[in-house]
Amino acid sequence: MAAGSPPRRIVVVGASLCGLSAAQALREEGFSGEIVLVGDEPERPYDRPPLSKQVLRGRCGPDTTLPCRPDLDLRFRLGTAAAGLDPRARRVVLADGGTIAYDRVLIATGTRARPWPGDPGSGPLHTLRTRRDAERLGARLADRPRRVVVVGGGFIGCEAAASIRAMGLDVTQVVRETVPLVQALGDAVGAMVAEVARGAGVDLLTDRGIDGIEAAGGETAVVRLDEGRRIETGCVLVALGAVRNVEWLAGAGLAVSDAGVRVDAECRALTPDGRVVPDVFAAGDVAQWPSAVYGGARLAVEHWGNAVAQGRVAARNMAAAGGPLARHDHLPDFWSHLYGLTVKLVGVPDGADRFAVVQGTLRERRFVGIYGAGERTVAAVSVDSARWLPAYRAAIAEGAPFPPFTGALDQPGFAPHPLATA
Ligand SMILES: Cc1cc2nc3c(=O)[nH]c(=O)nc-3n(C[C@H](O)[C@H](O)[C@H](O)COP(=O)(O)OP(=O)(O)OC[C@H]3O[C@@H](n4cnc5c(N)ncnc54)[C@H](O)[C@@H]3O)c2cc1C
């Protein structure tokens with residue numbers, strides 16, 4: 000393909016949320032060439048957020064296939080992993096030995112669940128990332144194991160603990176930190192979530208490590224805590240975060256690390272010394288991009304909204320034949336449903352040193368809180384109170400001070416307190 004000429008075949012590696020939104024956006028941009036989606040999972044792109052919420056509770060089946068317009072004319076290569084990328088020859092190498100030539104390629108391989116060390120992926124240990132994970136876990140929960148142990152205090156661990164408890168099963172959640180969600184939302188909101196979890200009957204053990212998990216025959220296991228206690232269980236859900244799917248890019252000459260594939264604001268992959276790799280783009284959970292909102296700091300988030308937005312920007316730029324490229328200036332946001340509460344976050348609280356509730360109260364479990372770093376407001380969280388969040392979103396995007404609006408506070412006085420996030 001000559002420089003500046005329109006692409007004829009675009010290959011998207013990773014057939015999930017980001018890949019599908021990019022494919023859809025390519026057609027909206029008027030791209031009429033071939034779009035090939037390569038995915039190692041056998042299913043058409045499906046939605047993951049319901050897996051730890053509605054699916055786990057049995058409120059809907061595990062088929063959460065994403066809507067896809069029938070006229071997109073997409074070619075799927077499903078059940079086929081990409082094993083390599085050769086940017087010089089412009090081709091994707093497949094694990095089955097085949098290759099696919101591209102004019103432009105989008106890396107959208109996302110993340111996978113971090114397994115328990117040494118876990119073969121069977122027996123009493125479970126993770127929750129894929130539809131198959133949800134099916135296997137759901138089948139086990141349907142047998143009503145005596146006690147379920149959830150390991151980890153991040154969003155997926157907390158959502159799953161809430162869903163499993165709502166099914167009437169006994170749940171022990173083991174969290175290494177002082178409160179759940181402390182890294183994502185800080186200690187004040189984490190403490191509220193801990194209170195709600197305990198109120199719902201979850202045996203929440205904080206500040207506790209795990210020395211080992213021993214298989215005890217069939218589906219049973221013993222979880223050994225570092226304090227010496229042993230918990231017998233019929234099901235362990237390991238929710239220790241995610242690992243970015245980047246191994247297949249070894250040797251491709253891209254800047255790749257545990258934090259993902261480094262891209263510029265236009266979603267173009269970079270070399271380790273910061274040069275653009277021609278015709279290679281990355282987006283979604285696997286990408287790490289410089290955020291204009293946060294002074295160029297590199298962000299790598301695992302958020303539904305970012306996967307859609309960044310996939311769309313990448314698509315626009317992949318379809319372009321010359322001219323200015325679009326920038327990914329997205330302000331990250333996230334939502335979660337826990338114990339009947341709707342939690343929404345805008346912005347990135349990493350590095351925040353102060354937190355203040357500005358509307359409602361933690362006690363009522365209905366509030367808006369803001370996070371400050373230095374002089375700036377960097378993020379806002381709402382619990383069952385999202386009405387004002389768009390205003391905070393706009394203020395954060397503009398780099399507003401902390402707090403952004405004094406007149407809007409419904410507290411007796413503005414009372415920020417130091418924030419712990421570990
Ligand atoms: C249980 C659960 C609940 C969630 N809840 C929320 C929520 O409430 N709110 C929120 O904002 N976000 C939530 N998320 C996160 C959200 O689902 C992700 O941000 C989103 O799925 C990212 O999309 P993606 O396409 O970038 O990556 P992924 O969805 O990870 O898709 C990547 C795809 O690429 C495939 N792949 C990997 N390697 C290869 C390879 N070498 N070759 C071919 N294919 C490959 C993967 O198998 C996968 O199908 C949740 C995630 C999970 C797992």
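Going by numbering that gives the first Met the number 0, the first residue of the sequence shown is number 0, and it counts up by one from there.
Note that CB positions come from ideal geometry on N, CA and C, so glycine has one too.
Contact check for A21 against A258 fails: the beta carbons are separated by 7 Å or more.
At least one heavy atom of ligand 1 lies less than 6 Å from the C-beta of G13. Per DSSP, R56 is one residue of the alpha helix (DSSP H) stretching across Q53 to R56.
Closest by C-alpha distance to T110, out of I212, R47, P6 and W334, is R47. For G283, the secondary structure class from DSSP, reduced to helix, strand or coil, is helix.
Within the same chain, V11, V12, L36, G38, P44, L105, A107, G283 and G310 come within 8 Å of G18 by CB-CB distance, once the 5 residues on both sides are set aside. Annotation for N244 indicates a beta carbon within 6 Å of some heavy atom of ligand 1. In the three-state scheme derived from DSSP, where H, G and I count as helix and E and B as strand, V178 is classed as coil.
In this structure, the CA atom of Y370 is about 12 Å from the CA atom of S381. Going by DSSP, F333 is part of the beta strand (DSSP E) stretching over D332 to L337. In the DSSP assignment, the residues bridged to E231 are V221.
Separation of A414 and V188 (C-alpha to C-alpha, rounded to the nearest whole angstrom) is 15 Å. Under the DSSP definition of a beta bridge, H329 lacks any partner. Put simply, of S162, L388 and G227 the residue whose alpha carbon is nearest the alpha carbon of R58 is S162. S20: not part of any beta strand (DSSP E); member of the alpha helix (DSSP H) spanning L16 to E27, first to last residue.
The beta strand (DSSP E) runs of length 3 or more contained entirely in the stretch 243 to 328 are, from start to end of the chain, 259 to 261, 267 to 269, 275 to 281, 286 to 290 and 296 to 298. For D202, there is no enclosing alpha helix (DSSP H); the residue is found in the beta strand (DSSP E) stretching over D202 to L204. For L168, no alpha helix (DSSP H) segment is defined, and its DSSP state is neither H nor E. Taken atom to atom, the span from the alpha-carbon of R135 to that of L236 is near 11 Å.
If you check the CB distance, G233 and E213 do not come in under 7 Å.
C67 sits exposed, since fewer than 16 C-beta atoms from the chains shown fall within 10 Å of its C-beta.
Look at A314: its beta carbon is at least 6 Å from all of the heavy atoms in ligand 1. Non-local beta-carbon contacts of T64 in its own chain, meaning distances under 6 Å to residues more than five positions away in sequence, involve R43 and Y45 in chain order. Here the distance from the Cβ of C17 to the nearest heavy atom of ligand 1 is below 6 Å.
Counting along the chain, A187 sits inside the alpha helix (DSSP H) bounded by residues D186 to G198. Within the chosen limit of 6 Å, ligand 1 reaches the beta carbon of H302 through at least one heavy atom. For E213, the enclosing beta strand (DSSP E) stretches over residues I209 to A214. In the structure shown, F154 adopts helical secondary structure according to DSSP, grouped into three states. Here D332 is buried. Its C-beta has 16 or more other C-beta atoms within 10 Å. In the three-state DSSP reduction, P86 falls in the coil class, being neither helix nor strand.
Relative to ligand 1, D206 has its C-beta separated by 6 Å or more from all heavy atoms. Proximity of the beta carbon of P48 to ligand 1 is indicated: a heavy atom of the ligand is located closer than 6 Å. Annotation for E33 indicates a beta carbon at 6 Å or more from all heavy atoms of ligand 1. Between V54 and A112, the C-beta gap is not smaller than 7 Å, which leaves the two residues out of contact.
Within the same chain, Cβ atoms closer than 6 Å to the Cβ of Q172 are found at V149, A160, V201 and L203, the five residues on either side in sequence being excluded.
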